[in-house]
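Heads up: the structure comes next, in structure tokens.
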Amino acid sequence: MVTEHAPAAAASAASKPDQDSLVCYFQGDYVRLGDAKVSIMTHAFLYGTAVFEGIRAYWNPDEKQLYALRVKEHIVRLRNSSKIMLMAELPSVEEFTEIVLQVLNKNHFQEDAYCRPSVYKSTQAIGVKLHGLTHDFYVLAIPMGDYIDTEKGIPTGTVSWRRTSDVSIPSRSKITGSYVNPAFSKTEAMLNGFDEAIVLTADGHVSEGSAENLFMVRDGTLITPSVTDEILEGITRAGIFEIAGYLGIPVKERSIDRSELYIADEVFLCGTGAQVSPVASVDHRAIGDSRVGPISKQISKTYFDAVRGRLPAFRHWVTPVYKSE
């Protein structure tokens with residue numbers, strides 16, 4: 124835990140700093156976000172050769188505490204992604220975790236926030252390769268609330284783009300260049316009148332949303348694609364498994380056909396950014412009665428209580444950012 128004290132309550136959200144004034148970690152120091160710049164010749168900028176994580180932090184107004192969510196798990200995955208990209212020399216999990224907490228602390232957030240650590244190929248050079256290049260990392264944080272509806276349910280649609288396979292670009296790594304694929308998918312879905320995409324694998328099975336894991340409910344059982352269906356091995360996904368166990372809901376991992384979604388009792392998407400987002404329809408077919416189903420509702424309530432440090436059974440998920448008085 125970081126050692127600085129929580130900001131006084133008088134420092135209200137009404138006096139938020141502009142984005143450039145936020146504090147980030149860049150090239151070995153804590154600096155203004157507006158001063159953290161790289162050359163347009165940077166390899167990661169030219170070729171997308173970087174990896175990243177998204178870490179949520181949740182403000183608990185009753186406790187006057189900001190809770191960082193599952194930081195160590197995200198850092199472990201970031202280091203694994205970096206290893207796949209031949210960027211193995213990094214701070215330890217503990218050191219990296221402390222930097223994340225310090226960045227959140229130094230920004231004095233009293234609202235929900237989003238933190239992005241990234242490891243990137245920092246060599247300034249033309250040439251497509253991974254080996255023989257230097258790398259660096261940064262950590263930034265910004266205020267962030269919901270960016271997908273987490274209550275009413277959203278309309279979704281399957282898209283023509285297919286999820287990249289592990290033999291092309293591994294989905295289990297959050298590689299910046301690979302997010303062109305979700306961008307194509309999300310844009311196609313939105314231009315077709317949906318809020319979110321359902322992306323299929325090359326063989327036509329359900330993979331995930333544009334950048335979220337997917338769960339459906341059939342006959343009281345929670346079902347989600349396996350890690351071999353080109354999905355990100357999601358940290359929120361793993362958390363849903365834990366919540367399901369806590370609530371006594373059975374879970375199965377298996378391939379899902381597109382048409383199964385049409386007759387599912389419930390469907391929801393989940394992820395660090397999306398959190399828990401119920402799906403109202405898929406390809407113009409209503410899911411259930413188009414309202415948030417009872418299992419999705421239970422899971423969502425438990426999740427949002429857990430991330431704000433309100434459930435003792437899930438306190439291991441969260442790390443307090445500010446030192447208690």
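Position in the sequence shown (first residue = 1) + 123 = the numbering used here. For every residue, glycine included, the Cβ atom is placed at its ideal position computed from N, Cα and C.
- The DSSP-derived three-state label of Arg179 is strand.
- In the three-state reduction of the DSSP assignment, Phe364 falls in the helix class.
- When secondary structure is reduced to three states using DSSP, Glu353 falls in the coil class, being assigned neither helix nor strand.
- DSSP places Arg200 in the helix class (H, G or I) of the three-state scheme.
- Under the three-state reduction of DSSP, Asp289 is assigned to coil, being neither helix nor strand.
- Every beta strand (DSSP E) stretch that sits fully inside the region 208-293 and reaches 3 residues is listed by chain position as 236-244, 258-266, 277-285.
- C-alpha of Pro435 to C-alpha of Glu365: approximately 14 Å in a straight line.
- Under DSSP, Asp152 shares a beta bridge with Phe149.
- Judged by beta-carbon spacing, Ser245 lies within the 8 Å limit of Thr165, meaning their Cβ atoms are closer than that value.
- Excluding five sequence positions before and after Val415, the CB atoms of its chain that fall closer than 6 Å to its own CB belong to Gly276, Pro401, given in chain order.
- Lys309 sits buried, since 16 or more C-beta atoms from the chains shown fall within 10 Å of its C-beta.
- By the beta-carbon neighbour count (other beta carbons within 10 angstroms, threshold 16), Gln150 is exposed.
- Looking from the CA of Leu224, the closest CA among Tyr426, Cys147, Gln142 belongs to Cys147.
- By the C-beta criterion, the region 154-172 is judged not to be in contact with the region 393-411, since fewer than 3 inter-stretch pairs fall below 8 Å.
- Residue pairing by DSSP leaves Lys424 without any beta bridge partner.
- Annotated as distal: Val154 and Ile178, with beta-carbon spacing of 8 Å or more.
- Between the alpha carbons of Arg360 and Pro417 lies a gap of roughly 19 Å.
- Under the three-state reduction of DSSP, Tyr445 is assigned to coil, being neither helix nor strand.
- With a beta-carbon spacing of about 5 Å, Glu319 and Thr279 fall inside the 8 Å limit used to define contacts.
- Looking at Ser382, Thr351, Gly396, Ala397, the one whose alpha-carbon comes closest to that of Glu376 is Thr351.
- Shown here for Ser378: same chain residues with a beta carbon closer than 8 Å to its own, the five before and five after excluded, namely His328, Val329, Pro348, Ser349, Asp352 in chain order.
- Fully contained in the region 293-357 are the following alpha helix (DSSP H) runs of length 4 or more, in chain order: 303-314.
- Within the model, the alpha-carbon separation for Leu314 versus Ala306 is close to 12 Å.
- Per the C-alpha coordinates, the member of Met210, Val226, Leu209, Asn203 positioned closest to Ala191 is Val226.
- Rounded to whole angstroms, the separation of the alpha carbons of Ala403 and His258 is 43 Å.
- Across the structure, Thr287 and Ala397 are spaced so that their CA atoms are roughly 21 Å apart.
- Boundaries of the alpha helix (DSSP H) harbouring Glu383: 381-385, taken from the DSSP string.
- In the displayed model, Lys160 falls within coil according to three-state DSSP, outside both helix and strand.
- Between the alpha carbons of Phe391 and Thr281 lies a gap of roughly 14 Å.
- Membership of Leu169 in the alpha helix (DSSP H) is indicated by the continuous run 166-170.
- Under the criterion of beta carbons closer than 8 Å, Val444 and Ala180 qualify as touching, at roughly 7 Å.
- Cβ-Cβ distances below 8 Å link Ser144 to Arg155, Leu156, Gly157 in the same chain, with the five nearest sequence neighbours on each side left out; the list follows chain order.
- If you look at Gly371, you'll find it isn't in any beta strand (DSSP E); DSSP assigns it neither H nor E.
- Exclusion of the five residues before and after Ser423 leaves Val399 as the residues of its chain whose Cβ lies within less than 6 Å of its Cβ.
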